[in-house]
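Chemist:
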Amino acid sequence: MSAAVYECDSRFIAAHHLPAVLIDLARSRGIDTHHLLRGCELFYDDIVTGRAQISPGQFLRLIANAQKLLNAADTSFLFGQRLWPGHYGAASHLLEQADNLLQALEDLVTYRTLLSPLLTPVLHLDDHHLHLYWRDSCGAAERLPFLLETSMTAVVALARRQQNERLPWRFQFAYAEPNHVEQYWVHLGDTLSFEQPSTVMSLPREYLLRPWPNGGATGARVARQACIEQLQRWGWQHSLLDELHAHLSAHISQPLSLERVASAFATSPATLKRKLGKHGTHFQEQLDLTRRDLALYLYQVKGYTNDEVAQRLGFSDITNFRRSFKRWTGRVPSDLAAFALYGKA
């Protein structure tokens, strides 16, 4: 593992960028900033200087406060509507001046530390569709549904605004239908399904390369270079959980343990355990999440068989694999035929 990763207490998020969007939304609904920022170790006067930086943990506390004080089902969706391109300097210019949706999404993935520090977007393409997943970067815990609603809405709104058409997104959610499902209909559309194996938004590939009217190669090149320089100044491009996920994925067919992974990360098992605990997780949970994500990708995107998936994940006993898969997803592999992704039978 590279030492250059950010953690939940790393202060690098410009408070007047992404957090300010939520703050302004709350202020527009009469919420007092003193109450909104309680427990965030931050004052509104600090934010307006343009120099305050907060950690993912502080951002998550701000979100928790906003949810409680606003107490409105549409908060996450309205936050997402306002999120991108935004006013975040070079990263925003990249999204605004992208030539098409695919380029914008690829830039979102590449520069996620600037544009999506709390959730990691994961992009997969099969022969006919794009699939966009979201992975917890910093230990979002109970804030995860809010962040998923926000991020998915932000992508839908960005594409609709820049492409000037409503795209036929399809959404799957790995949780039960919420009480405020009407907000999903309004902001995401009505092609929704809940209690699925994974949370993913999908779109036919034919929409990905349609030209965006504001595309600008020269401006985008300058903005991309500025983003690269910003990441170099920080010294990181990924979170600790991202880096762990990447390492586990690369070695998933091998025996993996806290001790072996800690050694690969050039740290002690106790230190790695403490760092994961700080993010509200533990090694076995992260290993199971990595196995689940890879298994679902191999089944749903690549079309692998049970034996092929089991072998890829390092299982020699197919019965043991099926038992583990049910523990990760609540379903056996044969159930996946009933939970096909967009366009798959």
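Numbering (the UniProt record's numbering), first residue to last: 1 to 345. We put the beta carbon where it would ideally sit given N, CA and C, even for glycine. A quick note: this is a predicted structure, and the numbers were derived from the prediction, not measured.
1) Can you give me the start and stop residues for the alpha helix (DSSP H) that Q237 sits inside?
2) Just curious, the alpha helix (DSSP H) that S137 is in, first and last residue?
3) Under the rule that 16 or more other beta-carbon atoms within 10 Å means buried, what is residue 365, buried or exposed?
4) If you follow the beta strand (DSSP E) that R170 is in, where does it begin and where does it stop?
5) Taking the beta strand (DSSP E) that S268 belongs to, which residues open and close that run?
6) Can you tell me whether A345 is buried or exposed, with buried defined as 16 or more other CB within 10 angstroms of its CB?
7) Out of curiosity, what's the CA-to-CA distance linking A91 and N100?
8) Q56 lies in the alpha helix (DSSP H); which residues open and close that run?
9) Rounded to a whole number of angstroms, what is the C-alpha to C-alpha distance between W236 and I23?
10) Cβ atoms of H129 and P204: under 7 Å apart, would you say?
11) DSSP has T150 in a bridge; who is on the other side?
12) Apart from the five residues just before and just after Q286, which ones in its own chain have a Cβ nearer than 8 Å to its Cβ?
13) Count the other CB atoms, across all protein chains shown, that sit within 10 Å of the CB of S116; report buried if there are 16 or more and exposed otherwise.
14) When the distance is taken between beta carbons, is R82 closer than 7 Å to V155?
15) Compute the beta-carbon to beta-carbon distance between L118 and L147, rounded to the nearest angstrom, for a pair I have assumed lies under 8 Å.
16) Among the candidates E142, N320 and W134, whose CA atom is the shortest distance from the CA of T153?
17) For C40, which residues of its own chain have a beta-carbon under 6 Å away from its beta-carbon, when the five flanking residues on both sides are left out?
18) For P333, name the three-state secondary structure that DSSP assigns.
19) The beta strand (DSSP E) that contains S28, what's its start and end?
20) Near A174, what residues of its chain come up, given a Cβ to Cβ distance below 7 Å and the 5 sequence neighbours on each side ignored?
21) Out of curiosity, what's the CA-to-CA distance linking T131 and L294?
22) Under three-state DSSP, which class holds T191?
23) Is L50 near H16, with beta carbons less than 7 Å apart?
24) According to DSSP, is V5 helix, strand or coil?
25) Counting pairs of Cβ atoms below 8 Å between the stretch 203-222 and the stretch 172-188, do you hit three or more?
26) When you compare each of P211, T150 and A310 to A73 by their alpha carbons, which one comes out closest?
27) Let me check understanding here. Comparing Cα to Cα, which of A26, L102, V5 and I31 lies closest to W212?
28) On the CB-based measure, 16 or more other CB atoms within 10 Å of its CB, does S263 come out buried or exposed?
29) Whole angstroms is fine: what's the gap from P178's alpha carbon to S193's?
30) Using DSSP bridges, identify the partner residues of residue 347.
31) Which residue wins for smallest C-alpha separation from S55, given the options Y111, A140 and D190?
32) Considering only residues of the same chain and omitting the five flanking positions on each side of P19, which have a CB-CB separation below 7 Å?
33) For L167 versus A157, is the C-beta spacing smaller than 7 Å?
Modeler: Let me spell this out:
1) The residue labelled residue 237 in the question sits at position 237 within the sequence shown. Note, Q237: premise wrong, no alpha helix (DSSP H); not H, not E.
2) By one-based count along the sequence shown, residue 137 stands at place 137. Per DSSP, S137 belongs to no alpha helix (DSSP H) and is neither H nor E.
3) Any answer about residue 365 is impossible in this case: the structure gives the chain only from 1 up to 345.
4) To locate residue 170, count along the sequence shown from 1; it is residue 170. Unbroken beta strand (DSSP E) run through R170: R170 to Q172.
5) For this step, residue 268 is matched to residue 268 along the sequence shown. No beta strand (DSSP E) contains S268, which DSSP labels as neither H nor E.
6) Counted from its first residue, the sequence shown places residue 345 at position 345. At A345, the pLDDT of 38 sits below 50, so the modelled position is not reliable; the number obtained from the coordinates is stated separately. Burial call: exposed.
7) Residue mapping note: residue 91 aligns to position 91 of the sequence shown, counting from 1. Residue mapping note: residue 100 aligns to position 100 of the sequence shown, counting from 1. Looking at the two C-alpha atoms, the distance is approximately 16 Å.
8) Residue mapping note: residue 56 aligns to position 56 of the sequence shown, counting from 1. Note that residue 56 corresponds to Pro in the displayed sequence, not to Gln. Here the alpha helix (DSSP H) through P56 covers P56 to L70.
9) Taking the first residue of the sequence shown as 1, we reach residue 236 at position 236. Taking the first residue of the sequence shown as 1, we reach residue 23 at position 23. Approximately 27 Å, taken between the alpha carbons.
10) What you label residue 204 is simply residue 204 of the sequence shown in a count that begins at 1. What you label residue 129 is simply residue 129 of the sequence shown in a count that begins at 1. In this structure, H129 lies closer than 7 Å to P204 by Cβ.
11) Here residue 150 refers to the residue found at position 150 of the sequence shown. T150 is not bridged to any residue.
12) Taking the sequence shown and counting its residues from 1, the one referred to as residue 286 is at position 286. Taken in chain order, the residues that qualify are L241, L244, H245, L248 and L276.
13) Position 116 of the sequence shown, counting from 1, holds the residue named residue 116. Buried.
14) On the sequence shown, residue 155 is found 155 positions in, with the first residue counted as 1. On the sequence shown, residue 82 is found 82 positions in, with the first residue counted as 1. Going by C-beta atoms, V155 is not nearer than 7 Å to R82.
15) On the sequence shown, residue 118 is found 118 positions in, with the first residue counted as 1. On the sequence shown, residue 147 is found 147 positions in, with the first residue counted as 1. Right, their Cβ atoms sit about 6 Å apart.
16) Here residue 153 refers to the residue found at position 153 when the sequence shown is read from its first residue. Comparing Cα-Cα distances from T153 to each of E142, N320 and W134, the minimum goes to W134.
17) Within the sequence shown, numbered from 1, the residue matching residue 40 stands at position 40. Once the five neighbours on either side are set aside, the close Cβ partners of C40 are Q58, R61 and L62.
18) Taking the first residue of the sequence shown as 1, we reach residue 333 at position 333. P333 falls in the helix class under three-state DSSP.
19) Along the sequence shown, read from residue 1 onward, the residue named residue 28 stands at position 28. It is not in any beta strand (DSSP E) - S28 instead sits in the alpha helix (DSSP H) that spans L18 to S28.
20) For the purposes of this step, residue 174 is taken as residue 174 along the sequence shown, with counting starting at 1. A distance below 7 Å between beta-carbons, with the five flanking residues on each side excluded, links A174 to the following residues of its chain, in chain order: Q196, P197, S198 and T199.
21) On the sequence shown, residue 131 is found 131 positions in, with the first residue counted as 1. On the sequence shown, residue 294 is found 294 positions in, with the first residue counted as 1. Per the sequence shown, residue 131 should be read as His rather than Thr. Cα to Cα, H131 sits roughly 14 Å from L294.
22) For the purposes of this step, residue 191 is identified with residue 191 of the sequence shown, where counting begins at 1. Three-state DSSP puts T191 in coil, outside helix and strand.
23) Here residue 50 is taken as the residue at index 50 of the sequence shown, counted from 1. Here residue 16 is taken as the residue at index 16 of the sequence shown, counted from 1. Sequence check: residue 50 is Gly here, not Leu. Yes, Cβ-Cβ distance for G50 and H16 is below 7 Å.
24) Position 5 of the sequence shown holds residue 5. It is a strand residue.
25) no
26) Locating residue 73 in the sequence shown gives position 73, counting from the first residue. Selected option, being the one with the closest Cα: T150.
27) Stepping through the sequence shown from its first residue, residue 212 is reached at position 212. Here the closest residue by C-alpha is L102.
28) Taking the sequence shown and counting its residues from 1, the one referred to as residue 263 is at position 263. S263 should be labelled exposed.
29) Within the sequence shown, residue 178 is the residue found at index 178, counting from 1. Within the sequence shown, residue 193 is the residue found at index 193, counting from 1. So the alpha carbons of these two residues sit roughly 11 Å apart.
30) Residue 347 is absent from the model: the chain starts at 1 and stops at 345.
31) Walking along the sequence shown from the start, residue 55 turns up at place 55. Minimum Cα distance to S55 is reached at A140.
32) Start at 1 with the first residue of the sequence shown, and residue 19 comes out as number 19. If you ignore the 5 residues before and after P19, its C-beta comes within less than 7 Å of the C-beta of I13, I54, F59 and L62, all in its own chain and listed in chain order.
33) As a working note, residue 167 is residue 167 in the sequence shown. As a working note, residue 157 is residue 157 in the sequence shown. Going by C-beta atoms, L167 is not nearer than 7 Å to A157.
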